[in-house]
Structures are given as structure tokens and as C-alpha cells.
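Numbering follows the working numbering, with no gaps: position 3 of the sequence shown is 381. Report on one structure; see the data block that follows.
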Amino acid sequence: MLLTEQTYKKIDREIAKFPAEQRQSAVMAALAIAQDQTSWLSPEIMQEVADYLRMPAIAVQEVATFYNMYNTKPVGQFKISVCTNLPCALSGGEKAAHYLKQKLGVDYKETTADHKFTLVEGECMGACGDAPVMLVNNKRMCSFMSDQKIDALVDELKNTPPNEGSQ
379 MLLTEQTYKK IDREIAKFPA EQRQSAVMAA LAIAQDQTSW LSPEIMQEVA DYLRMPAIAV
439 QEVATFYNMY NTKPVGQFKI SVCTNLPCAL SGGEKAAHYL KQKLGVDYKE TTADHKFTLV
499 EGECMGACGD APVMLVNNKR MCSFMSDQKI DALVDELKNT PPNEGSQ
């Protein structure tokens with residue numbers, strides 16, 4: 379067993395929201411909970427989730443690879459998603475992404491050498507009026523990301539101890 383008892387208890391709470399014969403409906407929540415523990419969804423973790431939900435492993439993999447919030451490859455301590463959908467792109471998203479790429483020295487889908495940051499393109503985050511928008515570890519929304527705010531965010535995250543703030 380790769381997932382902890384505490385992780386299974388959280389998954390059980392999600393399963394309980396559905397009729398017994400529909401436990402697979404908790405797959406998205408189960409993957410998010412598993413990822414919170416492990417930081418990424420290895421094939422073994424996806425298999426464990428599939429077995430627990432009594433569904434085919436390929437169905438779990440299809441969900442995990444379809445949505446941008448799931449990490450199917452190892453990521454840094456902080457995954458920063460930059461919204462590049464059209465409204466954000468037109469409101470400074472591309473400029474902010476370029477600045478962040480230069481600052482971190484990585485491109486999209488890359489991780490810094492110190493394993494602190496992974497940079498990804500994000501889909502619409504529902505905050506077009508706050509562009510440019512970034513999301514840290516799928517949980518922390520950062521709005522109006524000027525160069526100065528990006529500098530402050532990166533400095534803050536760089537100074538976060540390795541076991542804090544990760545997924």
C-alpha cells in the first residue's frame with residue numbers, strides 16, 4: 379500500500395457522497411487526495427486508486443491525463459500554472475509567463491534544477507478580470523501578476539522549507 383491510512387479516510391469521505399454502486403464517481407477527488415500525499419500520480423498510485431474505487435486502471439489514467447491539475451510526472455515543490463487562455467493572454471498573461479520563464483530559467487513543462495519550481499500552462503481559472511493569473515499547487519490563486527508581484531511570489535516560495543507548501 380502506497381497511500382496512507384489518513385489518505386484513505388479522506389477518500390472514503392468522498393466515496394460516501396455517492397450511492398454505493400457509484401463509488402467510481404469519487405475518482406477526481408480521490409486522485410486529488412492521493413496527489414496531496416505523493417505530489418504526483420505515478421502509475422502505481424493510479425493503480426491503487428483504481429483498485430480501491432473498483433474501476434479499470436485505464437479509466438483512472440484517462441481522468442488523470444485529461445485534467446491539468448493532476449501531475450502524471452514528478453513536479454517541483456511548487457507547480458506554478460500560468461493562465462494563457464485568450465482573455466488572460468490579452469491582459470498580460472503571455473508577458474507575465476515570459477518574465478517568469480526568464481526568472482526561473484525554465485520553459486513550460488520543465489522543473490528547475492533545484493526541484494523547487496515546475497512551470498505549466500493553465501486553462502481558464504475563472505478569474506479573467508484579475509489577469510494575469512497564476513495558480514500555485516492547484517490551490518493558491520495569484521492575481522494581477524506584475525513583474526514585482528512575480529518577484530515577491532518567487533522569493534517567498536524559494537524561502538519555503540522543502541516539506542512545506544508542496545502538493
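Where is the CB? At the ideal position from N, CA and C, for every residue including glycine. Nothing here was measured: the structure is a model prediction, and the numbers come from that model.
{"query": "Three-state class that DSSP yields for residue 444 in the structure shown", "result": "helix"}
{"query": "CB-CB length for residue 459 against residue 498, believed under 8 Å", "result": "5 Å"}
{"query": "Straight-line Cα distance separating residue 399 from residue 490", "result": "44 Å"}
{"query": "Beta strand (DSSP E) segment containing residue 497, residue limits", "result": "495-500"}
{"query": "Within 7 Å, strictly: CB atoms of residue 410 and residue 393", "result": "no"}
{"query": "Per-residue burial, residue 456 [other beta carbons within 10 Å of its own, 16 or more giving buried]", "result": "buried"}
{"query": "Among 423, 445, 397, 538, the one whose alpha carbon lies nearest that of residue 495", "result": "538"}
{"query": "DSSP state of residue 538 mapped onto helix, strand, coil", "result": "coil"}
{"query": "Contact check, residue 408 vs residue 427, beta carbons under 7 Å", "result": "yes"}
{"query": "Where residue 443 falls, given that 16 or more other Cβ within 10 Å makes a residue buried", "result": "exposed"}
{"query": "Limits of the unbroken alpha helix (DSSP H) element including residue 431", "result": "421-431"}
{"query": "Residue 510 vs residue 483 beta-carbon contact at 7 Å", "result": "no"}
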